[in-house]
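Structure, as structure tokens:
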Amino acid sequence: MLVGTSIDTDEQNDDIEREKNTKITKHLQPIGNRTPIAIAPKIKYRPITFNAEYRYEGYVIDVYEYYFSARITDINDKEPDEDVEIFKKDVSEDDRKLIQPGSIFYWHIGYENDNGTIKRSSILKFRRLPRWSHGDLLKAKKLEKEYNEFLKDSR
133 MLVGTSIDTD EQNDDIEREK NTKITKHLQP IGNRTPIAIA PKIKYRPITF
183 NAEYRYEGYV IDVYEYYFSA RITDINDKEP DEDVEIFKKD VSEDDRKLIQ
233 PGSIFYWHIG YENDNGTIKR SSILKFRRLP RWSHGDLLKA KKLEKEYNEF
283 LKDSR
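If you use our numbering, the sequence shown corresponds to residues 133 to 287, in order.
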């Protein structure tokens, strides 16, 4: 507890107020004949970055009410295939309609850096290309044979 006269306290308050004003006026710049305005100090902006530690490609096996089961493969071939269960709420709203057996997705697990704040994060995106049907595969094989025969005959 500080003990002193009211004059000392008033002088201290004046000194504190003067110091505050000095700090504020450092950022004030006059514009013509107008009153100075406060200019916020520049803040260095760094974009949010994501560093993936693990990269998987997977496909949906079964779909349940709150989650789905899937088999994932390490894209870098460092780990064996794994069967996993993933909550639907971990998938973006736009991709939830794509969760069905056979759907292919990409799952990246790593670290997000938001202006120096590091947090563990994952990105799960479903592939939007159409799935090949059995009939499409048979047609493709037939075309392959026809092209191979054509190329052999042209030699």
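We put the CB at the ideal spot given by N, CA and C, even for glycine.
(request) Can you give me the start and stop residues for the alpha helix (DSSP H) that Y198 sits inside? (result) One-based indexing of the sequence shown puts residue 198 at position 66. Looking at the DSSP string, Y198 is not in any alpha helix (DSSP H), and its letter there is neither H nor E.
(request) Would you tell me roughly how many angstroms separate the C-alpha atoms of N247 and I180, rounded to the nearest one? (result) Here the question's residue 247 lines up with position 115 in the sequence shown. Here the question's residue 180 lines up with position 48 in the sequence shown. Approximately 7 angstroms, taken between the alpha carbons.
(request) Measure the Cβ-Cβ separation of S254 and I236 and say whether it is below 8 angstroms. (result) Here residue 254 corresponds to residue number 122 of the sequence shown, with the count starting at 1. Here residue 236 corresponds to residue number 104 of the sequence shown, with the count starting at 1. Against a cut-off of 8 angstroms, the Cβ pair of I236 and S254 comes out as no contact.
(request) Name the one or two DSSP bridge partners that S254 has. (result) Numbered from 1 along the sequence shown, position 122 holds the residue referred to as residue 254. DSSP lists I241 as partners of S254.
(message) Just to confirm my understanding: we take P301, look at its own chain, exclude 5 residues before and 5 after, and list those with CB closer than 7 angstroms. What are they?
(response) Nothing about residue 301 can be reported from this structure: the residues present for the chain run from 133 to 287 only.
(message) Tell me which residue opens and which closes the beta strand (DSSP E) that E217 is part of.
(response) Mapped onto the sequence shown, residue 217 falls at position 85. Run containing E217: E214 to F219, per the beta strand (DSSP E) assignment.
(request) Give me whichever residues DSSP pairs with D209 in a beta bridge. (result) For the purposes of this step, residue 209 is taken as residue 77 along the sequence shown, with counting starting at 1. Secondary-structure assignment with DSSP links D209 through no beta bridge to anything.
(message) Let me confirm a value: G267 is counted as buried when at least 16 other C-beta atoms fall within 10 Å, else exposed. Which label applies?
(response) Your numbering for residue 267 matches position 135 in the sequence shown. Exposed is the call here.
(request) Return the first residue and the last residue of the alpha helix (DSSP H) that R228 is part of. (result) The residue you call residue 228 lines up with position 96 of the sequence shown. Its alpha helix (DSSP H) spans residues E225 to R228.
(message) By DSSP's criteria, G190 is part of a beta bridge. Which residues make up the other side?
(response) Here residue 190 corresponds to residue number 58 of the sequence shown, with the count starting at 1. In DSSP, G190 forms a bridge with I204 and F237.
(request) Mind checking who D246 pairs with in its DSSP beta bridge? (result) Within the sequence shown, the letter at position 114 stands for residue 246. Partner(s): T249.
(request) With DSSP collapsed to three states, give me the class of A123. (result) For the chain, the structure presents residues 133 to 287; residue 123 sits outside this window and is missing.
(request) Please name the residue, chosen from Y238, Y279 and D209, that lies closest to L261 on a Cα-to-Cα basis. (result) Locating residue 261 in the sequence shown gives position 129, where the first residue counts as 1. Looking at the Cα atoms, Y238 is the closest of the given residues.
(request) Per DSSP, which residues does N183 bridge with? Please list them. (result) Within the sequence shown, residue 183 is the residue found at index 51, counting from 1. Looking at the DSSP assignment, N183 forms a beta bridge with Y243.
(message) Counting C-beta neighbours from all protein chains within 10 Å, is the total for F182 16 or more, i.e. buried, or is it exposed?
(response) In the sequence shown, counting from the first residue as 1, residue 182 sits at position 50. Exposed, since its Cβ has fewer than 16 Cβ neighbours within 10 Å.
(message) Taking a contact to mean a Cβ-Cβ separation below 8 angstroms, would you say V216 touches A202 in this structure?
(response) Residue numbering aside, residue 216 sits at position 84 when the sequence shown is read from its first letter. Residue numbering aside, residue 202 sits at position 70 when the sequence shown is read from its first letter. Against a cut-off of 8 angstroms, the Cβ pair of A202 and V216 comes out as a contact.
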